[in-house]
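Protein chains: 2
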Amino acid sequence: MTQKDFDNIIKALSNPARRDILTWLKSPKTEFPDQCGHSEHGVCVGLIFEKAGLSQSTVSSHLANLHRAGLVVSKRQGQWVYYQRNEACINEFADYLKQTL
Amino acid sequence: MTQKDFDNIIKALSNPARRDILTWLKSPKTEFPDQCGHSEHGVCVGLIFEKAGLSQSTVSSHLANLHRAGLVVSKRQGQWVYYQRNEACINEFADYLKQTL
DNA sequence: TTTGCATATCGAGATATTACGATATAAATT
DNA sequence: AATTTATATCGTAATATCTCGATATGCAAA
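Chains A and B, in that order, give the protein sequences.
This note's numbering numbers the first residue of the first sequence as 152 and each following residue consecutively.
This note's numbering numbers the first residue of the second sequence as 152 and each following residue consecutively.
Next up, the structure:
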């Protein structure tokens, strides 16, 4: 974890909407009760969009931000793109913060 | 630690200059080698200002920000104001982040 | 190949953050 | 009281972030 990585991650996390999304993705089944929109690779954008109370473009932008920071990974399957947490990155960040802060 | 506390803290930490200051305050003696400017209550603003490479008002503003977030405590002694880390708050934040993120 | 659905990107307006110089306040010194 | 030193606050310009609607792209179905 470089300084730059850390900087990108904490900037991503400084936004409440992005933190919410990341938290929701901890428990996809309970946070997104809909039957469809789930896959082994996470939750599709549509479900997150419905829950977020923000425009589709805004949610997509937030997801792109989380993705650039490395906090989530995405996989396209057909017309859907699924997002899930990158636990390795999240844990590495939390440990780095605990150590260096 | 409420959501609001957490939000204030992570916003404060999303700025690199404020993170630098907080890190410097971990090792005051080695980071601020000057003999004076130190007290049992931390490091005076002037030393932080000299090291930061930012204007005096900007540094003061950053310190006020860290203080509002609870990450540092301050004590005036004569004409000087000393700042030091609030380790309790910092640890509580790091633990909360590790748990909830 | 045309239509429709899901997601991403673009451009723009609104708001927030950062940084600065100027000035105010607080305390010590003369 | 006047001056000096240390820090905080104010006003403002520059930049970044957030959000949206409009539109583009990717894929599937008809």
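Even for Gly, the Cβ is constructed at its ideal location relative to N, Cα and C.
In this text, all values refer to a predicted model and were calculated from it rather than measured experimentally.
In this structure, the straight-line span from the alpha carbon of A/Ile241 to that of B/Leu252 is close to 8 Å.
Take B/Ala203, set aside five residues on each side of it, and the residues of its chain with a beta-carbon closer than 6 Å to its own are Val210, in chain order. Per the Cβ contact rule, the stretch 215-226 of chain A is not in contact with the stretch 182-202 of chain B (fewer than 3 Cβ pairs under 8 Å).
Per DSSP, B/Gly221 is not a residue of any alpha helix (DSSP H), being assigned neither H nor E. Every alpha helix (DSSP H) stretch that sits fully inside the stretch 187-212 of chain A and reaches 4 residues is listed by chain position as 196-203. Going by C-alpha positions, B/His189 is about 20 Å away from B/Ser212. About 12 Å separates the beta carbons of B/Leu217 and B/Ile161, which is beyond the 8 Å limit, so they are not a contact pair.
Judged by DSSP in its simplified three-state form, A/Gln154 adopts helix.
When the beta-carbon positions are compared, B/Glu238 and B/Met152 stay at least 8 Å from each other. For B/Asp158, the closest Cβ of chain A is nearer than 8 Å.
A/Gln230 sits in coil when the DSSP states are folded into three classes, being neither helix nor strand. Taken residue by residue, none of the stretch 189-218 of chain A has a beta-carbon sitting less than 7 Å from a beta-carbon on chain B. About 16 Å separates the Cβ atoms of B/Leu176 and A/Leu248, ruling out a contact at the 8 Å cut-off. For A/Pro184, no alpha helix (DSSP H) segment is defined, and its DSSP state is neither H nor E. Interface with chain B (8 Å Cβ-Cβ cutoff): A/Leu252 is included. Sorting B/Leu164, B/Lys226, B/Tyr233 and B/Arg170 by C-alpha distance to the C-alpha of B/Val196 places B/Tyr233 at the top. Counting C-beta atoms within 10 angstroms of its own C-beta, A/Gly193 has 16 or more neighbours from the protein chains shown and is therefore classed as buried. Within the same chain, and ignoring the five residues on either side of B/Gln228 in sequence, the residues whose Cβ sits closer than 8 Å to its Cβ are Ser190 and His192. When Cβ-Cβ separations below 8 Å define contact, A/Ile172 makes no contact with chain B. B/Pro167 belongs to the set of residues whose beta carbon lies under 8 Å from a beta carbon in chain A.
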